[in-house]
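Everything on this sheet refers to the single structure shown next.
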Amino acid sequence: MAKTTLGRTGLVVERNAFGALPIQRISDEAAVALVRRAVSGGMDFIDTARSYTDSEHKLGLAFGGNWNGITLATKTHALDAETFWQHLHTSLTELKRDCIDIYQFHNPAFCPKPGGEDGLYDAALEAKRQGKIRFIGITNHRLSVAKEAIESGLYDTLQFPFSYLSTEKELELVNLTREAGMGFIAMKALSGGLITHSAAACAWLMEHEGVVPIWGIQRDWELDEFLSYIPTAPVLTDEMRAVIDADRAVLQGEFCRGCGYCMPCPQGIEINTCARASLLLRRAPSESLLNEEGQQKMKKIEDCTSCGACAAKCPYGLDTPALLQRNYQDYREVLAGKPL
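Residue numbers for the sequence shown follow our numbering, so the first one is 117 and each next one is one higher.
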């Protein structure tokens with residue numbers, strides 16, 4: 117098993133972690149069975165969030181009263197101390213735990229610090245003093261906030277998008293966290309579903325010491341895939357390198373990662389699907405995009421007023437309205453029978 121230590125936390129975890137966002141889409145019974153099988157198969161680190169609807173509740177059903185051997189990370193999207201305490205209390209109740217191992221600020225647009233008017237970091241310190249959390253982490257999609265968090269010395273872990281599509285700037289973040297003694301948790305390791313070769317994705321990440329990817333898992337076959345990498349971690353082969361090179365040629369640059377931070381759209385457009393429809397049609401089963409429901413979803417792009425609200429919230433600085441129009445043009449060509 118490929119174990120690593122999450123920086124100065126001293127927490128030793130398997131380098132294939134369970135991302136619990138997708139279990140909000142399945143029943144309680146299915147979720148409980150899935151996460152229990154994940155843990156029995158060797159996954160000993162689970163990441164969730166208060167904003168993942170009933171994900172924490174389902175984890176509480178699965179492990180309440182018996183969290184032995186499992187490292188748990190969850191998140192608060194609170195913007196003030198009062199909401200922070202509400203979220204923490206709710207998370208502890210839903211998860212059926214007295215203490216959370218890593219409590220993370222969930223993609224804030226700024227870096228919470230002691231003495232801030234928001235009171236967030238001071239609340240986290242008090243929660244730590246009370247024994248309700250062990251370590252303080254931060255998640256983000258913004259390089260500037262991530263770097264500030266590293267330089268501050270205030271955080272034990274950073275969670276950031278990291279995959280073989282990452283640029284030198286993201287690679288630098290990994291090195292900076294290692295130098296700072298922080299744990300690095302890799303989200304979007306499959307780039308929102310655009311990376312379809314999980315073994316290549318896993319093998320590439322294993323090349324980066326100390327990085328722990330969290331795989332978003334919803335289905336049994338997905339879990340089987342990642343559990344198979346625990347007894348014997350995949351190693352980069354020439355074939356995998358060729359896949360990576362081909363994906364980089366197509367995907368690196370200006371494309372929607374599907375993070376959803378641009379949502380909601382004032383016009384009701386499902387931006388995190390529609391703005392990457394071209395890539396999804398090229399790389400994933402297309403029935404859900406090409407059926408009647410998918411066509412209605414894409415047609416909503418015609419209602420776009422280019423108000424700029426989505427672009428202003430995009431952590432990658434994309435011109436989202438223009439991206440929507442380009443994807444809609446590609447989509448209509450596919451409907452007309454033209455190949456992409």
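In this text, a Cβ means the ideal position worked out from N, Cα and C, and glycines have one as well.
Does the pairing of the stretch 397-411 with the stretch 223-242 give three or more beta-carbon distances under 8 Å? no
Runs of 3 residues minimum, wholly inside the stretch 202-262: which ones carry the beta strand (DSSP E) assignment? 216-222 and 249-255
Considering only residues of the same chain and omitting the five flanking positions on each side of phenylalanine 371, which have a CB-CB separation below 7 Å? In the sequence shown, the residue the question calls residue 371 occupies position 255. If we look at phenylalanine 371 and ignore the five residues flanking it on each side, its Cβ neighbours are Arg392 and Leu395.
List the endpoints of the continuous beta strand (DSSP E) containing valine 160. For the purposes of this step, residue 160 is taken as residue 44 along the sequence shown, with counting starting at 1. Note on identity: in this sequence residue 160 is aspartate, with valine being the wrong assignment. Premise fails: aspartate 160 is in no beta strand (DSSP E) and is neither H nor E.
Cutoff 6 Å; reference arginine 258; Cβ partners in own chain excluding five residues on either side: Against the sequence shown, residue 258 aligns to sequence position 142. Closer than 6 Å at Cβ, skipping near neighbours: Pro431.
Which ranges would you report for the alpha helix (DSSP H) in the stretch 271-321 if only whole runs of at least 4 residues count? 284-296
In this structure, what does DSSP give as the bridge partners for phenylalanine 179? If you number the sequence shown from 1, residue 179 lands on position 63. Paired residues: none, contrary to the question.
Can you give me the start and stop residues for the beta strand (DSSP E) that leucine 188 sits inside? Locating residue 188 in the sequence shown gives position 72, where the first residue counts as 1. Residues 187-192.
Where do the ends of the beta strand (DSSP E) carrying lysine 119 lie? Within the sequence shown, the letter at position 3 stands for residue 119. Segment 119-121, the beta strand (DSSP E) holding lysine 119.
Locate the alpha helix (DSSP H) running through valine 129, then write down its first and last residues. The count along the sequence shown starts at 1 and reaches residue 129 at position 13. Looking at the DSSP string, valine 129 is not in any alpha helix (DSSP H); the run it does join, the beta strand (DSSP E), is 128-130.
Excluding the 5 residues preceding and the 5 following tyrosine 280 in the sequence, name in chain order all residues of the same chain whose CB lies nearer than 6 Å to its CB. For this step, residue 280 is matched to residue 164 along the sequence shown. Trp320 and Ile360, listed in sequence order.
On the DSSP bridge list, what partners appear for tryptophan 331? Numbered from its first residue, the sequence shown carries residue 331 at position 215. Tryptophan 331 pairs with Phe134.
For valine 290, does the count of other Cβ atoms within 10 angstroms reach 16, so buried, or fall short, so exposed? As a first step, residue 290 is located in the sequence shown; it is residue number 174 there, counting from the start. Buried, by the Cβ-count rule.
Using only the alpha-carbon positions, how far apart do glutamine 275 and threonine 293 sit? Here the question's residue 275 lines up with position 159 in the sequence shown. Here the question's residue 293 lines up with position 177 in the sequence shown. Roughly 10 Å separates the two Cα atoms.
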